[in-house]
Amino acid sequence: MNNRRSKRIIAGYKAEIFYRDKAYSCEIENLSETGVNLLTDLIESPVDFLPGESLSMKIVIPSGEPLRLNCTIKWSKRVLPHALRHQIGLEIVDPPWDQCIYFL
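Counting in our numbering, the sequence shown runs from 274 upward without gaps.
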C-alpha cells in the first residue's frame, strides 16, 4: 500500500544541496509536489544529515533555469557497502511550482 499524499515522478535530475555551509552533488531519485528523495554522490568526509534541519537545493530544470528549493530533512541513511553516499528524504518548504508549472 502506498500512503504518500502526492504522486511521485522518477526524476534522475542532477542537483546540488547546500547543508551547513557545504555543497554536495546528488541525483534526485523521485520528486513530488511536496517532497524529494535523493542520493548523494560520494562524500569522503563524514557528515550526518540530521532530520528536522534545513537545507537548500538547486535543480537545473528542463528549461535550463536553476530552481532553488528550501527543504527540511525528514530522514537520512547511509548507503552501504561503504557508507560514503547518503539517501535523503526531504520535505519542500513553500514549493514555488508556479515558477515552473510544467516541471511536475
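Don't be surprised by glycine CBs; every beta carbon is placed ideally from N, CA and C.
Being a predicted model, the structure only gives us computed values, none of them experimental.
Item checked: M274 - DSSP class collapsed to helix/strand/coil -> Because the pLDDT of M274 is 40, which lies under 50, any placement of that residue in the model is unreliable, and the question is left without a value.
Notebook entry, point to check: Buried or exposed: H355, going by 16 or more other Cβ atoms within 10 Å of its Cβ?
Noted result: exposed
Item checked: Close-in-space but distant-in-sequence residues of the same chain around D235 (CB under 6 Å, 5 per side omitted) -> The requested residue 235 is not part of the displayed model; the chain covers only 274 to 377.
Check: From the DSSP output, which residues share a beta bridge with T313?
Finding: In DSSP, T313 forms a bridge with C299.
Next item on the list: Using alpha carbons as the reference points, say which of I346, Y286 and L340 lies closest to D371.
Entry: L340
Next item on the list: Keeping to the same chain, check which residues put their C-beta closer than 6 Å to that of I361; ignore five residues upstream and five downstream.
Entry: By the criterion of a C-beta distance shorter than 6 Å, I361 is surrounded in its chain by L311, F322 and S349, once the five residues flanking it on both sides are discounted.
Margin query: Measuring alpha carbon to alpha carbon, tell me which residue in M330, T345, L353 and E317 is nearest L363.
Written below: T345
Next item on the list: Whole angstroms is fine: what's the gap from P324's alpha carbon to G308's?
Entry: Answer to the nearest angstrom: the Cα atoms are 14 Å apart.
Check: From A288 to L342, what distance separates their C-alpha atoms?
Finding: 11 Å
Checklist line | Sequence ranges, beta strand (DSSP E) only - wholly within the stretch 322–368, length at least 3 | finding: 327–333, 339–352 and 358–366
Note to self: Quick check: L357 and L315, are their CB atoms within less than 8 Å of each other?
What the structure shows: yes
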